[in-house]
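So the structure is just underneath, and the comments pick up after that.
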Amino acid sequence: MGKLGSIQSLRALAAWAVVLGHIGSQATTVLGKTDALGVFLYRATQSYVHAGVDLFFVISGFIIFIVTQAPRQTDRFRECADFTTKRALRIFPLFWITFFVTVLPQEAFQWWDWRTWWWQLTLVEPPINHGVAWTLVIELRFYFLVALLLILFRRRLSYGYAVLSLAIVASCGFAFYSGLPSSSFTSLHLTEFVMGVVVAALVSSQVRCFAKTAFLMGAVWMAASVGFLFKSAVPDFVGPYLAGGHYAIDTQTFRIFGFGIPSALMVYGLVALEMRNAIRIPRVMIAAGDASYSIYLWNTVILTVLAIAFGATGVPGLFAFYATTIASVAVVGWVSYRWIERPLIRIAHRVPWDRFPAKSSRSI
Numbered sequence: 001m002g003k004l005g006s007i008q009s010l011r012a013l014a015a016w017a018v019v020l021g022h023i024g025s026q027a028t029t030v031l032g033k034t035d036a037l038g039v040f041l042y043r044a045t046q047s048y049v050h051a052g053v054d055l056f057f058v059i060s061g062f063i064i065f066i067v068t069q070a071p072r073q074t075d076r077f078r079e080c081a082d083f084t085t086k087r088a089l090r091i092f093p094l095f096w097i098t099f100f101v102t103v104l105p106q107e108a109f110q111w112w113d114w115r116t117w118w119w120q121l122t123l124v125e126p127p128i129n130h131g132v133a134w135t136l137v138i139e140l141r142f143y144f145l146v147a148l149l150l151i152l153f154r155r156r157l158s159y160g161y162a163v164l165s166l167a168i169v170a171s172c173g174f175a176f177y178s179g180l181p182s183s184s185f186t187s188l189h190l191t192e193f194v195m196g197v198v199v200a201a202l203v204s205s206q207v208r209c210f211a212k213t214a215f216l217m218g219a220v221w222m223a224a225s226v227g228f229l230f231k232s233a234v235p236d237f238v239g240p241y242l243a244g245g246h247y248a249i250d251t252q253t254f255r256i257f258g259f260g261i262p263s264a265l266m267v268y269g270l271v272a273l274e275m276r277n278a279i280r281i282p283r284v285m286i287a288a289g290d291a292s293y294s295i296y297l298w299n300t301v302i303l304t305v306l307a308i309a310f311g312a313t314g315v316p317g318l319f320a321f322y323a324t325t326i327a328s329v330a331v332v333g334w335v336s337y338r339w340i341e342r343p344l345i346r347i348a349h350r351v352p353w354d355r356f357p358a359k360s361s362r363s364i
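In the UniProt record's numbering, the protein residues as written are 1 to 364.
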């Protein structure tokens, strides 16, 4: 299965939902845009910024299932090494660049704490001053579990994914309802990767019925969830990141049912429609999806710089801040993809594992 325009367009949607949410946050907390319009936009953007992250997780589960279906190596350990190397080249280099750009100005004189730096650079712990990178920690936990899957169930991968999916749902559910300490290995967000795996398994098995209904249902469900989250704010709500701001519901569980499930429906519906040649994805959406990882990692860096610049110069206008930031993120994201990400992707596709003879291995 080649690159799907439907997946790229949904990646673009997810990335820009996150960006707009962060713009609303910066406009209110940094620039002090607390008039009626500023607060309304802040509340609105904070309601759907979560949806973008949840959609990303579902898409990731879908992609990982697809890319692991055709074994590239004759040995399970080489297959695992091939997978982990490609994933590492996809995740770490750009993360490290944005990490140092973000953190160095703030932590220039605190290099003595090497243990903390090492844990953050390897994403064992969420980076403190690189806010969006917490999602990469959960992403890598899922990659780790899939890597084990390639070793233990290489010849029965579908069975392995079924076991892994049940294990994730059971362990995450048990940890949450038992009140156990939070862990990236028991985060409820891992269940959203499972949703993506289920969707990928369906479309790979030629199940493509009710595609339009599924997509429309997911879109309406998502919109209703955003509206419900917006309305669930307490009467004096300004935002969850401002003093006293909070929602009147448990957003962690709400996101799984309010954003995770409809994300899965949207992914299934749009992919099935594309595979039935029922839709044609605009090139601009595919291009935006290509650059979505760069957009996601760079957006907070750009936002911080622009917020300081706008605040220091006293430039008025909420919409001017939105427009300038959107344009800047789009340009930097595309340049980053074109000159950093794309060369790394090409390198990953040329990982030379096949140059070495692999030892035979008994299938499990």
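Yeah, the Cβ is synthetic: ideal placement off N, Cα and C, and Gly gets one too. Quantities reported herein were computed from a predicted structural model and do not represent experimental measurements.
Do residue j and residue i count as a contact pair if the criterion is CB distance below 7 Å?
i, j, result
"Phe62", "Gly196", "yes"
"Pro126", "Trp117", "no"
"Ile168", "Val199", "no"
"Pro93", "Leu303", "no"
"Gln26", "Ala330", "no"
"Thr85", "Asn129", "no"
"Ser292", "Ala12", "yes"
"Ile281", "Gly2", "no"
"Phe215", "Leu270", "yes"
"Leu140", "Cys80", "no"
"Gly260", "Glu192", "yes"
"Arg156", "Arg76", "no"
"Ala14", "Leu55", "yes"
"Ser47", "Leu166", "no"
"Met285", "Ser9", "yes"
"Ala175", "Thr186", "yes"
"Ile64", "Val146", "yes"
Roughly how far, in whole angstroms, is the beta-carbon of residue i from the beta-carbon of residue j, given that I think they are within contact range, below 8 Å?
i, j, result
"Leu152", "Trp221", "That belief does not hold up - the Cβ atoms of Leu152 and Trp221 are roughly 35 Å apart, past 8 Å."
"Leu188", "Cys172", "5 Å"
"Tyr263", "Val58", "At residue 263 the sequence reads Ser, which differs from the Tyr that was named. At roughly 4 Å, the Cβ-Cβ gap stays under 8 Å, so Ser263 and Val58 are in contact."
"Val53", "His22", "At roughly 11 Å, the Cβ-Cβ gap does not stay under 8 Å, so Val53 and His22 are not in contact."
"Leu123", "Val137", "5 Å"
"Arg208", "Ala272", "4 Å"
What residue does the alpha helix (DSSP H) around residue i start on, and which one ends it?
i, result
"Trp221", "211-231"
"Asp290", "283-290"
"Thr191", "190-204"
"Tyr337", "Where Tyr337 is concerned, there is no enclosing alpha helix (DSSP H), given that its DSSP letter is neither H nor E."
"Gly179", "Here Gly179 belongs to no alpha helix (DSSP H), and DSSP marks it neither H nor E."
"Arg115", "114-121"
"Arg350", "Element bounds for Arg350: n/a, residue is neither H nor E."
"Thr253", "251-255"
"Ser263", "261-275"
"Arg280", "No alpha helix (DSSP H) holds Arg280; DSSP gives it neither H nor E."
"Arg156", "No alpha helix (DSSP H) holds Arg156; DSSP gives it neither H nor E."
Any 3 or more C-beta pairs closer than 8 Å across the stretch 272-285 and the stretch 319-329: no
Do three or more CB pairs link the stretch 83-101 to the stretch 291-300 at distances below 8 Å? Touching, yes, given that three or more Cβ pairs across the two stretches are closer than 8 Å.
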